[in-house]
Amino acid sequence: MTLTQYGIKYAVHIITSNFGNLVAKVCESLLRRRHLSLKQLIGFTELTPQQVKNSLLILIQHNCVQPFSFDQSEGPKVTQYIALFDNIIHRGRFAKFLAVVSQELDTDRELILKDLLENGRLTLKQIIEGAESSKSQGKDSVLESFLKLVNAHFVERCPAPEPVLEQATKQEGPAKKRGAKSAKMVEVPETIEQRVIAAAAPPEAIRFSIMIDSEADACGGKSDNMSVGEKRKHATLEFDAEFGSKDEVVLWRANFEEFIRCLRHKACVENVRARLDDEAAVVLRAMLKATRTAEKKVKTENSVPLSLNTIYEEVINSEAGRSLTVGRVRDLLSVLCDSSQERDVDEDESYSADLKKILELAQDDEVESIVLKRYGKDAYTMFRILSLAGRPIETDKISDMSQLSLVEKNETPKILYNLWKDDYLHMERLVVTGARQSQFLVWRVDKPIIWKHVLDEMFHTALNLSLRLACEEERFKEITDLPAHKLLGEMAKQWQLYRNVILVLQASLLKLDDALMLFHDF
Numbered sequence: 377m378t379l380t381q382y383g384i385k386y387a388v389h390i391i392t393s394n395f396g397n398l399v400a401k402v403c404e405s406l407l408r409r410r411h412l413s414l415k416q417l418i419g420f421t422e423l424t425p426q427q428v429k430n431s432l433l434i435l436i437q438h439n440c441v442q443p444f445s446f447d448q449s450e451g452p453k454v455t456q457y458i459a460l461f462d463n464i465i466h467r468g469r470f471a472k473f474l475a476v477v478s479q480e481l482d483t484d485r486e487l488i489l490k491d492l493l494e495n496g497r498l499t500l501k502q503i504i505e506g507a508e509s510s511k512s513q514g515k516d517s518v519l520e521s522f523l524k525l526v527n528a529h530f531v532e533r534c535p536a537p538e539p540v541l542e543q544a545t546k547q548e549g550p551a552k553k554r555g556a557k558s559a560k561m562v563e564v565p566e567t568i569e570q571r572v573i574a575a576a577a578p579p580e581a582i583r584f585s586i587m588i589d590s591e592a593d594a595c596g597g598k599s600d601n602m603s604v605g606e607k608r609k610h611a612t613l614e615f616d617a618e619f620g621s622k623d624e625v626v627l628w629r630a631n632f633e634e635f636i637r638c639l640r641h642k643a644c645v646e647n648v649r650a651r652l653d654d655e656a657a658v659v660l661r662a663m664l665k666a667t668r669t670a671e672k673k674v675k676t677e678n679s680v681p682l683s684l685n686t687i688y689e690e691v692i693n694s695e696a697g698r699s700l701t702v703g704r705v706r707d708l709l710s711v712l713c714d715s716s717q718e719r720d721v722d723e724d725e726s727y728s729a730d731l732k733k734i735l736e737l738a739q740d741d742e743v744e745s746i747v748l749k750r751y752g753k754d755a756y757t758m759f760r761i762l763s764l765a766g767r768p769i770e771t772d773k774i775s776d777m778s779q780l781s782l783v784e785k786n787e788t789p790k791i792l793y794n795l796w797k798d799d800y801l802h803m804e805r806l807v808v809t810g811a812r813q814s815q816f817l818v819w820r821v822d823k824p825i826i827w828k829h830v831l832d833e834m835f836h837t838a839l840n841l842s843l844r845l846a847c848e849e850e851r852f853k854e855i856t857d858l859p860a861h862k863l864l865g866e867m868a869k870q871w872q873l874y875r876n877v878i879l880v881l882q883a884s885l886l887k888l889d890d891a892l893m894l895f896h897d898f
């Protein structure tokens, strides 16, 4: 999705809060200009070469920038840098990621993940030393926790330091039309950022491969129960040649993709629970849990197909699902799955949940709730009529609909105009020529355009909430710096006021981020 105006501002604010103004200035230049060389960055930011290099090193260390270069037959290779917008936004979701690991595994694994999130990239040796210095776990316990995180795909090897892309040609553009089967198998990255990420990603065979070798030995021996066969040499990971540094050990980082997949599954389950019932949510959760590792991408439209017997076995593994019969599960699957899917009645039926439809309905609900709160019930009804129709409708026909029988006819154009003025509707003026020329207005909900506008509004609100949060923390700094035994009388009241304000702002930001993920990440 194209970056929005306030999406960029929100990302820059996150970098400013984490790393300061200089790093944010470099990051903003990359976000607004897509990708730049070191020389171009120095020119656009007007910073010294050393300041730009240091800023880039910080951004690369924290997975916010990816170096790459274009394959060219003539001239020297020029390293380009591109900002990874999604990874920057994910920095505000670290608490959610830690909660996922705590629920899926346990709090011991959470401590290792927290260290990786705070430091960006670490070697296994650094992970072990960090855990031992905090005296939270011993070496064997750390290795066990690390293995579980990697096996669950919550931790992965870092991408290639500088992938090489083929130069885009004039012939390259939208992917050529293919057959339905081929289209599902081949997906052509649409943006330069997607191409860079795809080129830098380690092959699946080694992305989550674990080789406890000399790194573990350096911390005091090896763990025989975690290493199978002969030790293999780690691949070399080189930093950009412009920085002149090398690192010959494997670096690890948090796998944001897996966390977003888990949060996407959770959102689907909760939306099904709200729209249908608890039993449907239990069945969907079982399907997604059984097939999570088999999903090839985060934004998959349908879950991996499973037989009824497999789904039922997974359902009854949970306490909530043990009361469900096979017949009830089959009935729920008919609602959750695409009705167009063909099944052979002579064989064990195969079911695939329609995740795209579930999320689209959730997006519809979110936008309709915004319209209801901002413009009132009549505007909500008109917006919903147009959204469900999926086509342009004339003003008079909207007025004549039974759902709007209590709305004055002259009020309908005013309400529609207010929605159009704020970019929630698309309007067209049609002219009919004949014996007597006439013109009339038609209205429609153009979802791709309106959804992008809603997303930008959400980024704007997230930015305002974050700024307010920072402002309140600064305003109460004197109170928060006081030791607990001095928080008496009026000071105690001020402390409680600060706590209440901060909790409300943080809760609002977390809830808003759920909506942001629904439109941007899911």
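So in the working numbering, spot 380 of the sequence shown is number 756, and the numbers just go up one at a time. In this text, a Cβ means the ideal position worked out from N, Cα and C, and glycines have one as well.
query, result
"Length of the line joining the Cα atoms of residue 529 and residue 458", "25 Å"
"Inter-stretch contact (C-beta, 8 Å, three-pair minimum) for the segment 413-426 and the segment 396-403", "yes"
"Burial state of residue 809, where buried means 16 or more other Cβ atoms lie within 10 Å", "exposed"
"Span of the beta strand (DSSP E), counted from its first residue to its last, around residue 824", "Careful: residue 824 lies outside any beta strand (DSSP E), inside the alpha helix (DSSP H) at 823-851."
"Where residue 443 falls: helix, strand or coil (DSSP)", "strand"
"Start-to-end residues for the alpha helix (DSSP H) that takes in residue 485", "483-495"
"Limits of the unbroken alpha helix (DSSP H) element including residue 880", "866-896"
"Integer-rounded CB distance, given that residue 410 should sit under 8 Å from residue 568", "6 Å"
"Whole-number beta carbon distance between residue 493 and residue 473, since they are thought to touch under 8 Å", "7 Å"
"Assigned exposure category for residue 389 - 16 Cβ within 10 Å defines buried", "buried"
"Residue range of the beta strand (DSSP E) that includes residue 459", "455-459"
"Length of the line joining the Cα atoms of residue 788 and residue 752", "13 Å"
"Close beta carbons around residue 816, own chain, < 7 Å, minus the five adjacent residues each side", "770, 771 and 806"
"Nearest neighbour of residue 768, chosen from 727, 744, 823 and 742 [CA to CA]", "823"
"Secondary structure, alpha helix (DSSP H): runs of 4+ residues fully inside the segment 663-698", "684-691"
"Whether residue 647 touches residue 731 by CB criterion (8 Å)", "no"
"DSSP state of residue 586 mapped onto helix, strand, coil", "coil"
"Neighbourhood of residue 722 by C-beta, 8 Å cutoff - its chain only, sequence neighbours within 5 removed", "Unreliable placement is indicated for residue 722, whose pLDDT of 44 sits below 50; no coordinate value is reported for it."
"Status (buried if at least 16 other CB within 10 Å, exposed otherwise) for residue 548", "Confidence at residue 548 is low in this model, with a pLDDT of 43, below 50, so its placement is unreliable and the value that follows should be read with caution. So residue 548 ends up on the exposed side."
"Cβ neighbours of residue 832 in the same chain (closer than 8 Å, five flanking residues each side left out)", "380, 381, 382 and 383"
"Element boundaries [beta strand (DSSP E), containing residue 815]", "814-820"
"Any 3 or more C-beta pairs closer than 8 Å across the segment 445-456 and the segment 476-496", "no"
"Residues that DSSP places opposite residue 769 in a beta bridge", "819"
"Same chain only: Cβ atoms within 7 Å of residue 777, ignoring 5 sequence neighbours per side", "761"
"Touch test, the segment 658-673 against the segment 697-707, Cβ-Cβ under 8 Å, three pairs minimum", "yes"
"Paired residues, beta bridge with residue 730 - DSSP", "678"
"Cut-off 8 Å between Cβ atoms - residues of its own chain near residue 728, not counting five sequence neighbours on either side", "678, 679, 680, 681, 682, 713, 714 and 717"
"Status (buried if at least 16 other CB within 10 Å, exposed otherwise) for residue 847", "exposed"
"Segments assigned beta strand (DSSP E), at least 3 residues, entirely inside the segment 782-811", "802-808"
"Inter-residue Cα distance where the pair is residue 749 and residue 536", "47 Å"
"Assigned exposure category for residue 851 - 16 Cβ within 10 Å defines buried", "exposed"
"Pick from 783, 726 and 675 that is closest to residue 688, judged by C-alpha positions", "726"
"Residue 861 burial status per 10 Å Cβ neighbour count (16 or more: buried)", "exposed"
"Top-ranked residue by Cα proximity to residue 542, from 444, 582 and 873", "444"
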